[in-house]
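Everything on this sheet refers to the single structure shown next.
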Amino acid sequence: MKTVARSERWSGYALLTVMAIVVVIPFLSVFLASLQPAGTPVVGLTWPERWSWDNYETAWSVAGFSDLIRHSLIIAVGVVPACLVLAALAGYALGTMRLPGGNAMAAFFIAGLTIPVELIVVPLYFDLRNLGLTNSYLGVILVEIALFMPFSVFWMRTHFLSTPMSLVEAARMDGASSATILVRILLPLARPSLMTLGLLVFMWSWNQFLLVLVLIQDTTKHTAPAGLGFFVGQNSTDIPTLAAGTIIVMLPILILFVVFQRSFLAGLLQGAMKG
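Encoded structure:
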């Protein structure tokens with residue numbers, strides 16, 4: 004039995020190692036390409052003969068990434084807290100309360116996971132134009148909140164469903180209100196799940212490209228991914244500079260993951276064990 008368990012463990016390690024290599028190689032290739040001298044033709048995974056960091060300075064100044072990143076942060080900072088608050092409230096109600104039609108509402112949110120943004124982006128544009136919300140960050144923030152809510156509610160509902168109801172019932176017997184139970188008892192227990200959800204929503208908001216491209220025609224208000232798209236069109240032959248721009252756009256997400264990786268993984272593992 005020990006031999007079988009050991010072989011399974013090493014087989015798992017080998018599979019994870021192969022998967023890690025497959026994931027890391029494209030990122031390593033882009034990073035090494037960004038260190039090539041500007042204008043150098045790059046094919047595949049190529050080690051630079053001379054490391055050049057000038058591409059980052061060029062990409063930063065030419066594409067105006069300081070403004071683009073600021074715009075992305077404005078949208079993400081508006082989306083993430085709203086999603087967390089609304090998802091916690093809806094997940095608490097659907098997960099701990101016996102509401103008439105509660106299961107139907109939960110199914111409605113789950114059905115929202117199947118709607119691709121490409122299907123609704125054009126109707127959304129006309130609706131927001133009629134409301135005067137095109138070319139504004141508020142319009143994008145509202146749309147992203149609506150797009151991310153199905154998964155957010157599903158995530159928090161799953162967490163609250165796994166919460167021991169004895170805690171809730173004991174608090175209610177002591178006279179605690181629903182708001183008190185949520186804020187003082189359940190939300191502290193939900194911290195890993197909230198942290199993971201916040202990181203996921205931030206990542207999804209940061210990576211939005213098509214939505215921003217359609218809803219904001221003013222290029223001075225574009226976000227980092229949309230600005231990178233224009234930058235690619237203007238410098239399609241300079242691969243090292245394009246790679247540097249790609250790394251700049253990816254860097255905030257990578258830094259955020261490194262800083263909060265323990266909370267992120269704890270939330271994922273908590274959800275996996277509860278599921």
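Numbering (our numbering), first residue to last: 4 to 278.
For each residue, glycine too, the CB sits at the ideal point set by N, CA and C.
Cβ neighbour criterion (16 or more within 10 Å) applied to residue i
i    : result
Q211 : buried
Y59  : buried
W158 : buried
F234 : buried
L203 : buried
I251 : buried
T183 : exposed
T240 : exposed
F151 : buried
I28  : exposed
G281 : Because the chain here runs from 4 to 278, residue 281 falls outside it and cannot be looked at.
F111 : exposed
G248 : buried
A17  : exposed
Backbone CA spacing between residue i and residue j [nearest angstrom]
i    : j    : result
A174 : L164 : 17 Å
I188 : D130 : 40 Å
V143 : G98  : 29 Å
R194 : S55  : 43 Å
M22  : F30  : 13 Å
S64  : A36  : 19 Å
V25  : G15  : 15 Å
R12  : I118 : 39 Å
8 Å contact criterion, which residue i and residue j should meet: CB distance rounded
i    : j    : result
G47  : S32  : 7 Å
V83  : F205 : 5 Å
E147 : S208 : 5 Å
N133 : Q220 : Contact doesn't hold; Cβ gap of about 16 Å is too wide.
Under 8 Å between C-beta atoms of residue i and residue j
i    : j    : result
R160 : G94  : yes
A62  : T244 : yes
A227 : L216 : no
M198 : S155 : no
I78  : Y128 : no
Span of the alpha helix (DSSP H), counted from its first residue to its last, around residue i
i    : result
P84  : F68 to T99
H162 : Y140 to L164
N133 : V120 to N133
W50  : Segment: none, W50 is in no alpha helix (DSSP H) and carries neither H nor E.
P195 : R194 to W209
I219 : Neither: I219 is in no alpha helix (DSSP H) and is coded neither H nor E.
Q237 : A227 to Q237
I113 : G105 to A114
V186 : V186 -> no alpha helix (DSSP H), and no H or E assigned at all.
A174 : M168 to M176
Cβ of residue i within 8 Å of any chain B Cβ
i   : result
S69 : The displayed structure is made up of one protein chain only, and chain B is not part of it.
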